[in-house]
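In UniProt numbering, the protein residues as written are 1 to 229.
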């Protein structure tokens with residue numbers, strides 16, 4: 001999981017939003033600050049042009065090894081398109097029947113309820129920490145569609161108040177998300193299987209900030225006072 005915010009993103013321009021929810025996969029390339037090597041590799045796989053280049057590599061190498069076939073192969077754009085489509089749609093993604101068979105409808109609904117419950121709990125804590133009492137906070141959880149690789153999950157907190165924006169999250173806000181969203185009982189893979197079944201890869205959960213309880217606000221205040229002391 002990568003938490004997308006100003007403090008964790010090197011190319012902060014990609015966070016600019018004109019409307020919500022702000023979507024990242026397929027539109028911009030996130031350059032995370034402090035990401036692990038494995039996370040960088042996983043993000044590289046998301047570069048569509050690079051995947052196309054790897055898929056079409058045999059066509060580029062043919063002239064060096066099979067000169068007699070070089071011209072026919074290089075002049076077969078339909079074959080290239082068919083190969084790219086096969087790899088993208090059949091190899092890297094699951095068929096509709098496979099996605100439906102992986103999880104029952106009831107289990108998918110249960111997992112969505114779990115995500116919604118945890119997301120709103122995280123948003124309430126973040127709203128209380130920042131003293132927010134107007135508008136909505138929206139937790140946007142976006143996953144890659146690619147099924148043959150480890151799950152890649154981007155998490156951001158977004159708000160339309162006073163204008164559409166990806167909220168700036170400090171270290172403690174990020175800890176709230178890291179500890180509150182996923183664990184051994186509900187993993188990123190669990191979410192991905194649910195998303196694949198529904199063919200929905202962006203989940204947008206909203207929380208009214210005015211609905212945050214006085215107890216949560218008091219807890220946030222006491223925590224902040226303890227830190228200051």
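Think of the CB as a built atom: it goes at the ideal place given N, C-alpha and C, for glycine as much as any other residue. It should be emphasised that the depicted structure is a prediction, and the values quoted were computed from it without experimental measurement.
With a threshold of 16 other CB atoms inside 10 Å of the CB of residue i, please say whether the residue is buried or exposed.
i           : result
residue 10  : exposed
residue 162 : exposed
residue 54  : exposed
residue 200 : exposed
residue 156 : buried
residue 143 : buried
residue 44  : exposed
residue 48  : exposed
residue 189 : exposed
residue 151 : buried
residue 182 : buried
residue 97  : exposed
residue 159 : buried
Roughly how many angstroms separate the alpha carbons of residue i and residue j, rounded to a whole number?
i           : j           : result
residue 204 : residue 93  : 23 Å
residue 174 : residue 62  : 49 Å
residue 82  : residue 50  : 17 Å
residue 113 : residue 138 : 16 Å
residue 147 : residue 32  : 22 Å
residue 221 : residue 132 : 12 Å
residue 36  : residue 1   : 11 Å
residue 25  : residue 76  : 30 Å
residue 23  : residue 6   : 15 Å
residue 179 : residue 185 : 12 Å
residue 16  : residue 64  : 46 Å
residue 84  : residue 154 : 26 Å
residue 211 : residue 119 : 14 Å
residue 95  : residue 149 : 15 Å
residue 40  : residue 187 : 20 Å
Quick one: what's residue i bridged to in DSSP?
i           : result
residue 141 : 155 and 203
residue 9   : 32
residue 136 : 208
residue 2   : 154
Query raised in the report: Per the contact definition of three or more C-beta pairs closer than 8 Å, is the segment 104-112 in contact with the segment 189-198?
Result: Touching, per the Cβ criterion.
Query raised in the report: Mind pulling the beta strand (DSSP E) runs of 3 or more residues that sit fully within the segment 151-201?
Result: Listed in chain order, the complete beta strand (DSSP E) runs (minimum 3 residues) inside the segment 151-201 are 153-159.
Query raised in the report: Is it a yes or a no for the segment 208-225 touching the segment 118-137, going by three-plus beta-carbon pairs under 8 Å?
Result: Yes, the segment 208-225 is in contact with the segment 118-137.
**Report entry** Whole alpha helix (DSSP H) elements within the segment 51-127, 4-residue minimum
**Finding:** List check, alpha helix (DSSP H) in window: 57-65, 67-74, 77-86 and 96-101.
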